[in-house]
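*Asks:*
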Amino acid sequence: MHFPPTQRPHPQRLTPPIWLPQDAVPVHQQRLAAWPNLPWAPLATKGALPALWRPWLSERGSLTLALSRYQGTQVQVQVLQEAYTRASAHEAHVLRIRQETPVWARHVLLRLQGHAWVFARTLVPKHAQNLIQRLQPLGNQALGSWLFQQKHIRRQALWVTQAPHLRQQLGIHWGRGSCFLWQQQGIWVSEFFLAPMYQALIQQAALRNQI
0 MHFPPTQRPH PQRLTPPIWL PQDAVPVHQQ RLAAWPNLPW APLATKGALP
50 ALWRPWLSER GSLTLALSRY QGTQVQVQVL QEAYTRASAH EAHVLRIRQE
100 TPVWARHVLL RLQGHAWVFA RTLVPKHAQN LIQRLQPLGN QALGSWLFQQ
150 KHIRRQALWV TQAPHLRQQL GIHWGRGSCF LWQQQGIWVS EFFLAPMYQA
200 LIQQAALRNQ I
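If you count the sequence shown from 1, position 83 lands on 82 in numbering that gives the first Met the number 0, and the numbers rise without skipping.
#1: Going residue by residue through the stretch 48 to 85, where are the continuous beta strand (DSSP E) segments of at least 3 residues, counting only ones entirely within it?
#2: Note down the Cα distance separating Y197 from V93, rounded to an integer number of angstroms.
#3: For L165, which of helix, strand or coil comes out of DSSP?
#4: Contact defined as beta carbons within less than 8 Å: I believe L165 pairs with W116. What is the distance between those atoms, to the nearest angstrom?
#5: Is G176 helix, strand or coil by DSSP?
#6: To the nearest whole angstrom, what separates the beta carbons of S177 and A156, a pair I think is in contact under 8 Å?
#7: Please state whether DSSP places T100 in a helix, a strand or coil.
#8: Run through DSSP, which three-state label would Q184 get?
#9: Could you check if R68 is buried or exposed, using at least 16 other CB atoms within 10 Å of its CB as the buried criterion?
#10: List the endpoints of the continuous alpha helix (DSSP H) containing Q132.
#11: Apart from the five residues on each side of it in sequence, which residues of its chain come closer than 6 Å, Cβ to Cβ, to A119?
#12: By Cβ distance below 8 Å, which residues in the same chain neighbour R97 in space, the five residues on each side in sequence not counted?
#13: At the level of alpha carbons, what is the spacing between A40 and A50?
What follows is the structure in C-alpha cells.
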C-alpha cells in the first residue's frame, strides 16, 4: 500500500487506524483492526519472558541505540504517517485523557540493512501543542535522539503485549510501551517487534550455540 509523503495535518483532521507497509506484515496486508483491544500487561507482572525477547522488552534506554549497537549498523527511521487520531482505551488510560480526546500520532518503521525490525507508534494529546511542536521537526530522526536528551523527562512503567493473532496476521511477535512525562505532559511510545527482527535474533542465537 502506498503512503503519501508525511504532511502536517489540520488540527481537526482525524485518521482511522493505519495500514502497515507490505514488508511489515504477511502478504495479505491486513489492517490493524485489533489495535484497540491489544492485551497489554505491566512488564512487572508478566512473569517469565522468553529469553530471546527479555532484553528487548525490558530495555529502558533508547531502543534505536540498542538496535544499532546490536547490529553494528545505523538504524534508518522511515516515517509512515503523522496525523491526528484517537487513542485506544489503554493508551488513553496511561496518558490520563478521555478516549475521545484527539492525539497527535507518529508512526515509523525502524529499519536495519533495509529490513523493517520495529514498528513504532508515538502519541501526544492534542492539547500539548508545545510538546508536539518539538517533535514534529524530527523527520527521519529517531524519537530517542530528542527524548533521551531531556534532563527532566521521566519514564513510567513498561507494558508488554503479545497474542497469537498479532504474529499470524500482522507479523508482530511482541510489543512494548511506556509513557514518558515531560513537563507534566505525557508521551506514549509503543514499539512492536516484527518478523525480520525475530529471524535475525534466531540466527544470532544459533551462531552463538555453534561456537
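Where is the CB? At the ideal position from N, CA and C, for every residue including glycine.
*Replies:* Concretely, from the data shown:
#1: Fully enclosed beta strand (DSSP E) runs of no fewer than 3 residues occupy 75 to 85 of the stretch 48 to 85, in order along the chain.
#2: Straight-line measurement puts the Cα of V93 at about 28 Å from the Cα of Y197.
#3: Three-state result, L165: helix.
#4: Wrong, their Cβ atoms sit about 16 Å apart, outside the cutoff.
#5: G176 carries a strand assignment under DSSP once its states are collapsed to helix, strand and coil.
#6: Contact between S177 and A156 holds: CB atoms are separated by about 7 Å, below the 8 Å threshold.
#7: Assignment of T100 by DSSP, reduced to helix, strand and coil, places it in the coil class.
#8: Q184: strand per DSSP, three-state reduction.
#9: In this structure R68 is exposed. Its beta-carbon is surrounded by fewer than 16 other beta-carbon atoms within 10 angstroms.
#10: From DSSP, the alpha helix (DSSP H) with Q132 extends over Q128 to L134.
#11: Beyond the five residues adjoining it in sequence on each side, A119 comes within less than 6 Å, by CB distance, of V107 and E190 in the same chain, given in chain order.
#12: Excluding residues within five positions, the ones whose Cβ falls inside 8 Å are A91.
#13: If I take the Cα positions, the gap works out to 18 Å.
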